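K.L.:
A single structure is presented below for examination.
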Amino acid sequence: MWTLIGVGVSAAYWYSVAATLFPQIFPQSFAMQGRVSVYFEAACAIVSLTLLGQILELRARSQTSAAIKLLLGMAPKTARRILSDGTEEDIPLTHVHPGDILRVRPGEKIPVDGEVIEGQSAVDESMLTGEPVPVTKKLGDKIIGATLNTSGSLVMKSEKVGAQTVLSQIVQMVAQAQRSRAPLQRLADVVAGYFVFAVIGIAGLTLLGWGLFGPQPSWVYGFINAVSVLIIACPCALGLATPMSIMAATGRAAGHGILFRDAAAIEALRSIDTLIVDKTGTLTEGRPVFNRALPATGHSEDEVIQLAASIDQGSEHPLAQAIVAEANKRNLSLDKPTMFDSESGIGVRGVVKEHQIALGNSALMDAEQVDWSSLAQQAEALRREGASVMFLAADARLVGLLAVSDPLKANTSEALHALLGSGMHVVMATGDGLTTARAVAERLGIKDVYGEVKPQDKLHLVEDLQKAGKKVAMAGDGINDAPALARADVGIAMGTGTDVAIGSAHITLVKGDLRAIARARDLSEATIKNMHQNLGFAFIYNALGIPLAAGLLYPFTGHFLSPMIAAAAMSLSSVSVVMNALRLRRD
């Protein structure tokens with residue numbers, strides 16, 4: 010980028026040095042008013058104007074990093090730790106360790122990520138999620154560092170500190186995205202590389218053309234115009250066109266709880282025409298509640314719940330947690346499984362009191378050769394109500410079924426309506442039974458539904474749609490979604506989901522709100538449009554500036570474009586590109 014400026018300024022300076030020390034070596038055609046002209050003032054002015062342009066540019070660019078600065082400034086500087094003897098002390102945030110018991114008073118920011126162990130309060134999470142309505146937090150709820158405790162007093166147990174907190178990870182992701190290169194930028198870099206050589210060639214032709222065929226003093230005119238061409242054609246604006254747009258867009262997105270992993274994700278999102286969504290934790294709350302248990306002949310309801318909860322103690326799946334919670338609510342004693350195996354997407358297997366237990370969907374029952382037909386009608390009726398149904402078998406014999414309901418997120422219907430209305434083709438793929446999936450899909454207006462799918466099935470679905478020419482995004486929150494999230498053109502993880510899913514995705518929605526997908530898509534469209542504007546402006550500027558610098562107007566006006574004016578124009582073009590990119594923060 011600085012090659013052209015360096016060549017132009019060096020040529021002007023060393024030409025002037027030679028003209029001052031050894032004027033006799035120059036032909037008479039280089040003389041003006043009896044002496045060889047020097048251009049020390051032009052070289053100095055060009056450097057000064059270029060540096061001034063850099064100062065203006067850097068001041069404008071600093072605004073694109075305002076989101077990171079704001080995020081870094083959100084964290085409180087101290088925390089109030091409760092000691093084992095009940096006394097309290099204020100300590101620097103850097104001295105907080107996992108497991109510390111902390112008090113958060115009304116009006117204070119929550120110091121680190123953790124869990125509420127005492128008290129209840131409304132917490133304003135808008136700084137990280139973009140949601141303006143405070144969220145009520147009570148015993149057992151997770152809270153995020155740097156969010157604001159608005160009303161009651163909370164006692165929390167710290168879980169993640171330092172670089173492990175949600176805030177730190179958000180800052181890291183935003184910074185990484187701002188440093189990354191969009192595919193469009195790589196094209197601009199290639200063009201700029203060829204452009205530099207082309208401009209040096211044009212400058213050489215300008216020097217020779219004026220020197221050989223121009224009016225006297227022809228070589229002086231040729232030299233001035235060649236330097237002007239080198240200066241005005243500096244591709245600074247071209248180099249800034251895409252990174253400035255990316256920096257402004259990622260900063261704005263972070264303020265709305267949308268984290269892009271890299272610039273390529275921003276560019277790819279606008280072309281997505283098909284969205285695959287998981288159900289549990291993506292469309293639904295991901296916090297299922299127990300519905301009912303239906304025993305098979307010879308078994309009781311409590312027996313079904315007790316056996317299912319015993320095997321599910323080793324599972325972190327939300328459906329399993331709902332069953333274990335129901336068993337605890339009924340004060341049922343649970344047996345510890347001696348062996349446990351989770352097969353993502355279909356269920357779990359294990360050994361409880363020397364019995365081979367299988368708990369999962371009909372695909373697992375078929376794999377275990379369990380006859381589940383006696384409860385098939387009841388299971389189908391529960392699925393039509395939108396409940397998730399799991400069959401329980403012991404030693405390859407049916408014990409009963411359990412139904413767990415997972416309510417839709419409050420904003421899911423609005424989000425799907427917006428996505429479908431924008432022309433997006435939405436597909437649901439879930440490990441739940443097909444009837445349950447269809448019941449939920451019908452309420453949301455989703456027509457394409459896949460039920461009882463395994464992680465590899467979701468991966469194959471993404472690949473099949475891509476082979477059909479579709480641009481596919483995948484939205485999910487679980488470990489079983491990770492392969493599909495990584496394979497999709499754009500993977501979208503719920504910030505409320507697992508670390509594996511978030512690590513596999515290209516975009517993370519901090520709050521897990523699907524409405525953010527529509528916002529992110531709109532921002533992607535605006536960002537690419539802004540990039541095109543910047544690139545177009547840069548090319549038009551050079552297309553007009555180079556001929557003017559080469560002396561195109563001299564036959565009509567009798568004047569040349571001064572190298573100093575060319576330097577000022579070059580700097581202003583860079584600043585104008587940055588200012589145009591900053592519009593993304595307001596649009």
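Position one of the sequence shown corresponds to residue 10 (the numbering used here), numbered consecutively onward.
Backbone N, C-alpha and C define an ideal beta-carbon position, used for all residues, glycine too.
Every value quoted in this text rests on a predicted model; they were computed, and no experiment measured them.
Is the beta carbon of Pro-107 less than 8 Å from the beta carbon of Ser-167?
P.N.:
Looking up residue 107 in the sequence shown gives position 98. Looking up residue 167 in the sequence shown gives position 158. It is a contact, given that the beta carbons lie within the stated cut-off.
K.L.:
Assuming contact is defined by CB atoms lying nearer than 8 Å, are Leu-468 and Ala-448 in contact in what I supplied?
P.N.:
Working through the sequence shown from its first residue, we reach residue 468 at position 459. Working through the sequence shown from its first residue, we reach residue 448 at position 439. In this structure, Ala-448 does not lie closer than 8 Å to Leu-468 by Cβ.
K.L.:
Within 10 angstroms of the Cβ of Leu-60, are there 16 or more other Cβ atoms? Answer buried if so, exposed if not.
P.N.:
Taking the first residue of the sequence shown as 1, we reach residue 60 at position 51. Answer is exposed; the Cβ neighbour count stays below 16.
K.L.:
Between which two residues does the alpha helix (DSSP H) holding Lys-538 run?
P.N.:
The residue given as residue 538 occupies position 529 in the sequence shown. That run of the alpha helix (DSSP H) goes 524–558.
K.L.:
Run the CB neighbour count on Leu-553, radius 10 Å, all protein chains shown included, and call it buried at 16 or more, exposed below.
P.N.:
Start at 1 with the first residue of the sequence shown, and residue 553 comes out as number 544. When all chains shown are included, Leu-553 counts as exposed.
K.L.:
Going straight from the alpha carbon of Leu-557 to that of Gly-478, what length do you get?
P.N.:
Position 548 of the sequence shown, counted from the first residue, corresponds to residue 557. Position 469 of the sequence shown, counted from the first residue, corresponds to residue 478. About 47 Å.
K.L.:
Taking 6 Å as the limit between beta carbons, can you name the residues of its chain near Met-223, skipping five residues before and five after?
P.N.:
Here residue 223 refers to the residue found at position 214 of the sequence shown. It is worth fixing the name first, because residue 223 is Gly in this sequence and not Met. These residues qualify, in order along the chain: Tyr-230.
K.L.:
Leaving out five residues on either side along the sequence, give the residues of the same chain with a beta carbon under 6 Å from the beta carbon of Arg-594.
P.N.:
For the purposes of this step, residue 594 is taken as the residue at position 585 of the sequence shown. Result list for Arg-594: Ala-257, Arg-261, in chain order.
K.L.:
Are Lys-118 and Leu-157 closer than 8 Å when you measure CB to CB?
P.N.:
The residue labelled residue 118 in the question sits at position 109 within the sequence shown. The residue labelled residue 157 in the question sits at position 148 within the sequence shown. It is a contact, given that the beta carbons lie within the stated cut-off.
K.L.:
Spatial neighbours of Val-125 within its chain, please: CB distance less than 7 Å, with the 5 preceding and 5 following residues excluded, ordered by chain position.
P.N.:
To locate residue 125, count along the sequence shown from 1; it is residue 116. Correct list, in chain order: Lys-146, Lys-147, Leu-148, Gly-149, Asp-150, Ile-152, Leu-163, Met-165.
K.L.:
Give every residue of the same chain whose Cβ lies closer than 8 Å to the Cβ of Lys-86, excluding the five residues on either side of it in the sequence, and list them in chain order.
P.N.:
Taking the first residue of the sequence shown as position 1, residue 86 is located at position 77. Excluding positions up to five away in sequence, the list reads Pro-101, Leu-102.
K.L.:
Below 6 Å CB to CB, which residues in the same chain sit around Phe-349 once its five sequence neighbours on both sides are set aside?
P.N.:
Here residue 349 is taken as the residue at index 340 of the sequence shown, counted from 1. Here the set comprises Gly-323, Gly-359.
K.L.:
So Met-374 is in the alpha helix (DSSP H); what residue range does that whole segment cover?
P.N.:
For the purposes of this step, residue 374 is taken as residue 365 along the sequence shown, with counting starting at 1. Here the alpha helix (DSSP H) through Met-374 covers 371–376.
K.L.:
Would you kindly check if the distance between the Cβ of Leu-368 and the Cβ of Leu-401 is under 8 Å?
P.N.:
Counted from its first residue, the sequence shown places residue 401 at position 392. Counted from its first residue, the sequence shown places residue 368 at position 359. Yes; because the gap between Cβ atoms is below 8 Å, this pair is in contact.
K.L.:
Using DSSP bridges, identify the partner residues of Asn-158.
P.N.:
Looking up residue 158 in the sequence shown gives position 149. Val-132, per the DSSP bridge assignment.
K.L.:
Just to confirm before moving on: does the CB-CB distance between Leu-443 and Met-399 stay below 8 Å?
P.N.:
Against the sequence shown, residue 443 aligns to sequence position 434. Against the sequence shown, residue 399 aligns to sequence position 390. Taking 8 Å as the Cβ cut-off, Leu-443 and Met-399 do not qualify as a contacting pair.
K.L.:
If you run the structure through DSSP and keep just helix, strand and coil, what is Lys-476?
P.N.:
The residue labelled residue 476 in the question sits at position 467 within the sequence shown. In the structure shown, Lys-476 sits in a helix (DSSP, three-state: H, G or I).
K.L.:
Check for me: the beta strand (DSSP E) holding Ala-450 runs from which residue to which?
P.N.:
On the sequence shown, residue 450 is found 441 positions in, with the first residue counted as 1. Taken as a continuous stretch (DSSP letters only), Ala-450 belongs to no beta strand (DSSP E), being part of the alpha helix (DSSP H) at 443–453.
K.L.:
Checking 8 Å against the spacing of the C-beta atoms, do Val-462 and Gly-440 come in under that value?
P.N.:
Here the question's residue 462 lines up with position 453 in the sequence shown. Here the question's residue 440 lines up with position 431 in the sequence shown. Cβ distance < 8 Å, so Val-462 and Gly-440 count as in contact.
K.L.:
Compare the Cα-Cα distances from Gly-500 to each of Ile-285, Thr-96, Leu-249, Arg-90 and report the closest residue.
P.N.:
Walking along the sequence shown from the start, residue 500 turns up at place 491. Residue Ile-285 is the option with its Cα nearest to Gly-500.
K.L.:
Using DSSP's beta-bridge definition, name the partner residues of Thr-283.
P.N.:
Stepping through the sequence shown from its first residue, residue 283 is reached at position 274. DSSP, once it has assigned bridges, lists His-434, Val-481 as partnering Thr-283.
K.L.:
What are the start and end residues of the beta strand (DSSP E) that includes Ser-414?
P.N.:
Position 405 of the sequence shown, counted from the start, is the residue given in the question as residue 414. That run of the beta strand (DSSP E) goes 406–414.
K.L.:
Helix, strand or coil, according to DSSP, for Glu-423 in the structure here?
P.N.:
Walking along the sequence shown from the start, residue 423 turns up at place 414. Helix, per DSSP.
K.L.:
Does the distance from the C-beta atom of His-364 to that of Asp-321 stay below 8 Å?
P.N.:
Stepping through the sequence shown from its first residue, residue 364 is reached at position 355. Stepping through the sequence shown from its first residue, residue 321 is reached at position 312. Contact flag unset, no.
K.L.:
Report the CB separation of Ala-263 from Val-208 in whole angstroms; it is logged as a contact under 8 Å.
P.N.:
Residue 263 sits at position 254 when you count from the first residue of the sequence shown. Residue 208 sits at position 199 when you count from the first residue of the sequence shown. Not confirmed; about 38 Å, so no contact.
K.L.:
Would you say Arg-114 and Glu-97 are within 8 Å of each other, going by their C-beta atoms?
P.N.:
Within the sequence shown, the letter at position 105 stands for residue 114. Within the sequence shown, the letter at position 88 stands for residue 97. In this structure, Glu-97 does not lie closer than 8 Å to Arg-114 by Cβ.
K.L.:
If you draw a straight line from the alpha carbon of Ala-52 to that of Asn-539, how long is it in whole angstroms?
P.N.:
Taking the first residue of the sequence shown as position 1, residue 52 is located at position 43. Taking the first residue of the sequence shown as position 1, residue 539 is located at position 530. About 34 Å.
K.L.:
Under the three-state reduction of DSSP, which class applies to Ile-100: helix, strand or coil?
P.N.:
As a position in the sequence shown, residue 100 is number 91, starting the count at 1. Ile-100 falls in the strand class under three-state DSSP.
K.L.:
Could you check what DSSP says for Leu-470 in three-state terms: helix, strand or coil?
P.N.:
Position 461 of the sequence shown holds residue 470. DSSP places Leu-470 in helix when its eight states are reduced to three.
K.L.:
Quick one: what's got a C-beta closer than 8 Å to Thr-159's C-beta in the same chain, skipping five residues either side?
P.N.:
Within the sequence shown, residue 159 is the residue found at index 150, counting from 1. Cβ within range, chain order: Pro-115, Gly-116, Ser-130, Ala-131, Val-132, Asp-133, Pro-143.
K.L.:
Might you give, ordered along the chain, the residues of its own chain that have their beta carbon closer than 6 Å to the beta carbon of Glu-127, omitting 5 neighbours on each side?
P.N.:
Residue mapping note: residue 127 aligns to position 118 of the sequence shown, counting from 1. Here the set comprises Val-164.
K.L.:
I want to know whether the stretch 369–387 touches the stretch 427–435 - three or more CB-CB distances under 8 Å.
P.N.:
Because the criterion of three Cβ pairs below 8 Å is not met, the stretch 369–387 and the stretch 427–435 do not touch.
K.L.:
Rounded to whole angstroms, what's the CA-CA distance from Trp-23 to Asn-589? Just pull it up for me.
P.N.:
Looking up residue 23 in the sequence shown gives position 14. Looking up residue 589 in the sequence shown gives position 580. Near 37 Å, if we compare the C-alpha coordinates of Asn-589 and Trp-23.
K.L.:
State the beta-bridge partners of Gln-365 as determined by DSSP.
P.N.:
Counting from 1 along the sequence shown, the entry for residue 365 is found at position 356. BP columns for Gln-365 point to Val-360.
K.L.:
Take the Cβ of Tyr-550 as the centre, count every other Cβ of all protein chains shown within 10 Å, and call the residue buried at 16 or more, exposed below.
P.N.:
Here residue 550 is taken as the residue at index 541 of the sequence shown, counted from 1. Per the 10 Å Cβ criterion, buried.
K.L.:
Identify which residue in Asp-457, Asp-498, Lys-456, Ala-484 has its Cα closest to the Cα of Lys-476.
P.N.:
Here residue 476 is taken as the residue at index 467 of the sequence shown, counted from 1. Here the closest residue by C-alpha is Asp-498.
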